[in-house]
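In what follows, a single structure is set out as structure tokens and then discussed.
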Amino acid sequence: MTAVRILGIIAGIGLFLMSVQAYDRRRISRLSLIVASLLGTALIVLSLRPSVYDPVFNWFHIVPGAERRVIFVLVIGVLLLLFLVLRLQTGSDTNDRGLRLLIEALGRERFDWERAAALPEGRRVVVISPAYNEQDSVGDVVRAIPRELEGIQVIPVVVSDGSDDATARRAREAGALVTELPIRRGGGLALRVGYEIALQLGAEIVVTMDADGQHLPSELPVMIRPIIDGSADYVNGSRILGEFERESLLRHLGVHLFARIVTLLTGRRITDPSSGYRAARAELLQRFVLQEDQFWSSEILIEALRHRVRVVEVPVTIVARAGGESKKPASLRYGWSFSKVIVQTWLR
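According to my numbering, the sequence shown is numbered sequentially starting from 36.
Below, the structure written as structure tokens:
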């Protein structure tokens, strides 16, 4: 038995076992299981007794010799498998989008609209802080946010991303308006909910700030002043231009690498695309296409650059977490996923 036929047997058995396992875990439908199982079985039979398929091969004018028939079926099998994968991915994407829309709707519905209705009228800056299990720091962050800047009312909004601790309660006690997402989906989805709420609140400027204490509320005037004085539409807070407490050498190198990638792709010099401290004119948010739930911090910056709005960077200070544990994955996985989001956003 030749190596190609042995490979065909292994591929057929592997396809059959993988399809059964996927079906048991409810990842594929019964129809996909049947198709994959038939394909795997056909491949095994072909590798063991190729003569069974002589009528088919003759119809396609595939003559015997040089394992042409086995190679032909392997190619057909790969194409069919690709079709199944794409079909599964399409269904998965549809389900995922439906879940995201449901969570976003629930987030808007659960917002403190009654408390928001009692706020005084006038110009507003809304500061959004996505938070997952940040009970140790979120209260201090909210209390440190000034309630008025440049004569404009400042409204802190905390989006609890499926927290199972006292994050939401402590944020409310500190004076923030709060919404709670039913499950954790990531800071990107939490921010989308926050942006939609900010627009409904009539925000003029929307600021995003971490709830873990790494961003200084005292630097809010630096973040919003370029927008107020009309010199910018989008402001990115840069630790490279300012100061920061280094978490690890690998993460520090990653910031510079991401900056080079974004600069290369967009043609604009950006020093800190991974910064979560940013401010934007509220009306811009309606033009941006924001889709990322995870590793989202560069997405809105690249969208701003794609729309050719006036983007400036200002120096800010990034300090160590005030409490709790970092929710970011290991450095290498974070770096790979973050780079992938940069490229995906640029390719839209």
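C-beta atoms are modelled at their ideal positions from N, C-alpha and C, and glycine is treated no differently.
Item, Value
"How would you call Asn168, buried or exposed, if buried means at least 16 neighbouring beta carbons within 10 angstroms?", "buried"
"Just verifying my parser: in three-state terms, what is the DSSP assignment at Ser253?", "helix"
"Please report the distance separating the alpha-carbon of Leu109 from that of Ala225.", "45 Å"
"For Pro191, count neighbouring C-beta atoms within 10 Å of its own C-beta (all shown protein chains included) and say buried if the count is 16 or more, exposed if not.", "buried"
"Closest to Tyr312 by C-alpha separation, out of Gln321, Gly302, Val347, Leu284, would be which residue?", "Val347"
"Could you check if Leu276 is buried or exposed, using at least 16 other CB atoms within 10 Å of its CB as the buried criterion?", "exposed"
"Note down, in chain order, each residue of its chain lying with its Cβ closer than 6 Å to the Cβ of Arg269, except the 5 sequence neighbours on either side.", "Looking at the sequence itself, residue 269 is Tyr, so the reference to Arg does not match. For Tyr269, where only same-chain residues beyond five positions count, the Cβ hits under 6 Å are Ala315, Ala339, Val344, Val346."
"Along the chain, where does the beta strand (DSSP E) containing Val160 start, and where does it finish?", "159-166"
"Which one of Gly174, Ile138, Val193, Glu139 has the shortest CA to CA distance from Val162?", "Val193"
"What does the alpha-carbon distance come out to for the pair Asp245 and Thr214?", "16 Å"
"With a cut-off of 8 Å on the beta carbons, I'd call Pro165 and Asp196 a contact; round off their distance for me.", "6 Å"
"Compare the C-alpha of Val160 against each of Pro217, Met258, Arg61 and name the closest.", "Met258"
"So, is Phe118 buried or exposed, given that buried needs 16 or more other C-beta atoms within 10 angstroms?", "exposed"
"For Ile180, report the span of its beta strand (DSSP E) as first-last.", "No beta strand (DSSP E) contains Ile180, which DSSP labels as neither H nor E."
"If you run the structure through DSSP and keep just helix, strand and coil, what is Glu239?", "coil"
"With distances taken from CA atoms, which of Gln188, Phe279, Leu336 is nearest Glu239?", "Gln188"
"Pull up the DSSP beta-bridge partners for Ser372, would you.", "Per DSSP, none; premise fails for Ser372."
"Take Arg182 and list the residues in its own chain whose beta-carbon comes closer than 6 Å to its own, dropping the five residues that flank it on each side.", "Val189"
"Determine the DSSP secondary structure at Asp59, reduced to helix, strand or coil.", "helix"
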